[in-house]
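Residues in the sequence shown are numbered from 2 upward in steps of one, following the working numbering. All C-beta atoms, glycine included, are put in the ideal place defined by N, C-alpha and C. As the structure is a prediction and not an experimental result, all values here were calculated from the model. Have a look at the structure below, then the notes.
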Amino acid sequence: MTIRKNENWGATAARPENLVICETDEAASQLATDFYLQQKSIPPIAITRSNLSRALGTKGADAKSQNMQATPFDLIEVTFVDASKTQQKVLALGYGLLRKSWWRGDIVAAMNTSFIGDWDCAPRSHPNDGKFDLLTVNSDMNPSQRLIASRRLRLGTHLPHPQISVKQLTSFEADCSAKPNLYIDNCKFACVNQCKFRLLPDALTLYW
């Protein structure tokens, strides 16, 4: 089910008996990954302190509520190879981010939501629209330009910019020749040699 802009999202539903309460997006990502890697259905999840929820106009789930707002939700499958040449898969609820530093080098983010922390990185991004937003920062963007952009990121006014691009995709393989660090929903992984992002539409149901 695609959630379109300016339309109501989800539906009121009774709290599922098998609902799993997660405190953060990171915890929900880890839980979903565990079930996914075991080839099991991901259970319904409620997140009480969710940065992802900002994009949906809520502050997180009420863990005690018996009637909740349920919505199917896309996930981003992140497949990467680390320094030990081991391939891993992790599911991202909000975003997967590749960078060495905010202040130099290429930055790549596959985003299911517009927010990374307090930064509104992809203000036109919309959850569960059947695609992820790929944000890229060109390595030629100098530190002074990045400082100006960082000041505008809280309000999402850093775009348009000739060295920052945003486009919608369902899959993307990043150039990891600089061996960037990988971040998934605020969880940092070691530097990676390869990284692919792939959208998994309607992969789980979130309850709020």
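Spatial distance of residue i from residue j (CA atoms)
| i | j | result |
| --- | --- | --- |
| A84 | A123 | 30 Å |
| V161 | V138 | The question names Val, but residue 161 in the sequence shown is Pro. If I take the Cα positions, the gap works out to 12 Å. |
| M142 | I165 | 9 Å |
| A191 | Y208 | 31 Å |
| P163 | R100 | 19 Å |
| K189 | V91 | 12 Å |
| A179 | A62 | 39 Å |
| N182 | W103 | 11 Å |
| L20 | I43 | 10 Å |
| F133 | V193 | 21 Å |
| T13 | L135 | 31 Å |
| D26 | E18 | 21 Å |
| S51 | Q40 | 25 Å |
| Y184 | M112 | 12 Å |
| L148 | P73 | 37 Å |
| Q146 | R152 | 10 Å |
| A150 | Q195 | 28 Å |
Where the alpha helix (DSSP H) through residue i begins and ends
| i | result |
| --- | --- |
| S145 | P144 to R153 |
| D203 | Not the alpha helix (DSSP H): D203 falls in the beta strand (DSSP E), residues C188 to Y208. |
| Q31 | D26 to L38 |
8 Å Cβ cutoff met for residue i and residue j
| i | j | result |
| --- | --- | --- |
| G97 | S140 | no |
| T49 | K197 | no |
| L170 | L76 | no |
| G118 | L53 | no |
| F116 | R16 | no |
| P128 | L57 | yes |
| V167 | R125 | yes |
Whole-number beta carbon distance between residue j and residue i, since they are thought to touch under 8 Å
| i | j | result |
| --- | --- | --- |
| L156 | D121 | 7 Å |
| A29 | I46 | 5 Å |
| G11 | Q67 | That belief does not hold up - the Cβ atoms of G11 and Q67 are roughly 16 Å apart, past 8 Å. |
| E78 | L154 | The pair is not a contact, with the Cβ atoms about 26 Å apart (cut-off 8 Å). |
Residue i, enclosing beta strand (DSSP E) - first and last residue
| i | result |
| --- | --- |
| D119 | D119 -> no beta strand (DSSP E), and no H or E assigned at all. |
| A71 | N68 to D83 |
| K90 | Q88 to A93 |
For residue i, the nearest candidate out of the options (CA to CA)
| i | options | result |
| --- | --- | --- |
| D130 | Q39, A14, T13 and D203 | D203 |
| F173 | A110, I149, P144 and R152 | A110 |
| A175 | V82, S151, R147 and Q39 | V82 |
| A93 | I108, Y37 and K86 | Y37 |
| I212 | I22, E24, C177 and R199 | Residue 212 lies beyond the stretch modelled for the chain, which goes from 2 to 209, so this question has no answer here. |
| D35 | Q89, A150 and E24 | Q89 |
Chain B contact for residue i (CB, 8 Å cutoff)
| i | result |
| --- | --- |
| I185 | Absence of chain B from the displayed structure is noted, only one protein chain being present. |
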